[in-house]
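All residue numbers for the sequence shown refer to UniProt numbering, where the first residue is 1 and numbers rise by one. Quick reminder that beta carbons are idealized off the backbone N, C-alpha and C, glycines included.
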Amino acid sequence: MKKKKTLREKRNPFSIAVIQASPVFMNKDASIEKACTLISDAAKKGASLAVFPEAFIPCYPDWIWHIPPGEITLNQDLYAKLLQQAVIVGSDDTDRLCHAAKKAGIYVVIGINEKNSMASGGSLNNTLLFIDPDGNIFGRHQKLIPTAPERTIWGYGDASTVTVYDCDLCKVGGLICWENYMPLVRYSLYAEGIELYLAPTYDEGETWNASMRHIAKEGRCFVAGCCMVLKKEEVLKKLPQLEPYYTAPGEWINKGNSVITNPDGQTLSGPLNAEEGILIAQIDLHLLDASKWNLDVAGHYARPDAFELTIRKSPAPIIRFK
1 MKKKKTLREK RNPFSIAVIQ ASPVFMNKDA SIEKACTLIS DAAKKGASLA
51 VFPEAFIPCY PDWIWHIPPG EITLNQDLYA KLLQQAVIVG SDDTDRLCHA
101 AKKAGIYVVI GINEKNSMAS GGSLNNTLLF IDPDGNIFGR HQKLIPTAPE
151 RTIWGYGDAS TVTVYDCDLC KVGGLICWEN YMPLVRYSLY AEGIELYLAP
201 TYDEGETWNA SMRHIAKEGR CFVAGCCMVL KKEEVLKKLP QLEPYYTAPG
251 EWINKGNSVI TNPDGQTLSG PLNAEEGILI AQIDLHLLDA SKWNLDVAGH
301 YARPDAFELT IRKSPAPIIR FK
């Protein structure tokens, strides 16, 4: 009797979309509307999964790299504005994204500024939402360590959100921007068998794309590095008071350079430079399996007799009710 194929086997190979786009800066509703349109566009291009950049809704707070932290009044005002535009998970904001994913029939992974609505409501996390084709939120990752001045905006996530999700496409997970430079966190994803490694970011540099190739080869997984593009005029149109701080020449603040890489560290699509667009690449899990013949860092190439990683997966909420 012929063996019946699993749903995953039926869907392999499949295509993914890396969406390199600008949000509607500091406008949550308009950014969600744009995201919903892009989700539809990705599905029309044949993608089974679409990934968006870090903090896409309502924007990455780029001003933190320009305004001295000692300018407290201005920084407080900008933080309050961002907090007012932040996303509450489970609200109409995420319902709209879920509806778009369901209508398109694809998986969606998107970066948001998340309000800590389960506690004070006055803090933010840099969060990735994982939405399935039925319109359900099945995962959430909160950035573990904001980088440098990002710590004036976002709180810390905990290891309970460092997870690989086994969906009917593949085993998928993600880390945000420079937490991808945390070797132990990467290893935890490798050890959970990650196959599609998503890396939404605000880093556009060549060293970042070199890291994407390294992570793909190290983890023997497909890697999608997804960065937003952003022009100076988009920031100053919304926040004209910041013009004295944006003195560098050129129209671009961030040129994107999103990329998709295979388990051998070879580029499949991209990098896409200084434009909005959607990168498409085919994911063939057979190639992933074959690549582990000579390197499997959380398998036959590990030394658990010599090295052991402990992960504290228990959530660390601000308040517990008993």
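What does a CB cutoff of less than 8 Å around residue i pick up in its chain, not counting 5 residues either side in sequence?
i           : result
residue 78  : 61, 63, 67, 239
residue 152 : 64, 69, 75, 79
residue 176 : 54, 111, 126, 128, 141, 143, 199, 200, 201
Applying the 10 Å Cβ sphere with the 16-neighbour rule, what's the burial state of residue i?
i           : result
residue 194 : buried
residue 118 : exposed
residue 122 : exposed
residue 304 : exposed
residue 95  : exposed
residue 324 : The structure shown does not extend to residue 324, since the chain is modelled only from 1 to 322, so the question has no answer here.
residue 306 : exposed
Using CA atoms only, rank isn't needed, just tell me which of the options is closest to residue i.
i           : options            : result
residue 247 : 65, 25, 223        : 65
residue 46  : 283, 148, 234      : 283
residue 82  : 132, 297, 205, 235 : 235
residue 293 : 263, 269, 321, 306 : 263
residue 14  : 69, 54, 142, 106   : 106
residue 254 : 16, 231, 244       : 231
residue 109 : 51, 141, 126, 237  : 51
residue 181 : 208, 36, 157       : 208
residue 190 : 169, 219, 184, 165 : 219
residue 174 : 205, 139, 150, 206 : 139
residue 315 : 286, 156, 37       : 156
residue 266 : 200, 216, 296      : 216
residue 22  : 286, 228, 214, 281 : 228
residue 39  : 59, 103, 57        : 103
Just checking my contact of residue i with residue j at CB under 8 Å: how many whole Å lie between their CB atoms?
i           : j           : result
residue 288 : residue 222 : 7 Å
residue 196 : residue 162 : Going by Cβ atoms, the distance from residue 196 to residue 162 rounds to 16 Å, so no, they are not a contact pair.
residue 114 : residue 89  : 6 Å
residue 86  : residue 129 : About 13 Å separates the two Cβ atoms, so there is no contact after all.
residue 179 : residue 237 : About 31 Å; that fails the 8 Å criterion.
residue 170 : residue 18  : In fact, because the Cβ distance is near 15 Å, the residues do not count as touching under 8 Å.
For a test of your reading of the model: does the CB of residue i fall under 7 Å from any non-hydrogen atom of the ligand SAM? Yes or no.
i           : result
residue 154 : This structure simply doesn't include the ligand SAM, nor any ligand for that matter.
Within its chain, find whatever has a CB closer than 7 Å to the CB of residue i; leave out the 5 residues flanking it on each side and keep chain order.
i           : result
residue 277 : 20
residue 290 : none
State the Cα-Cα distance for the pair residue i and residue j, rounded to the nearest angstrom.
i           : j           : result
residue 135 : residue 93  : 13 Å
residue 29  : residue 299 : 45 Å
residue 233 : residue 259 : 25 Å
residue 203 : residue 210 : 12 Å
residue 137 : residue 112 : 13 Å
residue 98  : residue 36  : 9 Å
residue 101 : residue 71  : 41 Å
residue 224 : residue 199 : 6 Å
residue 31  : residue 185 : 30 Å
residue 212 : residue 269 : 12 Å
residue 164 : residue 251 : 38 Å
residue 149 : residue 73  : 16 Å
Quick one: what's got a C-beta closer than 6 Å to residue i's C-beta in the same chain, skipping five residues either side?
i           : result
residue 311 : 159, 188
residue 273 : 255, 257
residue 145 : 179
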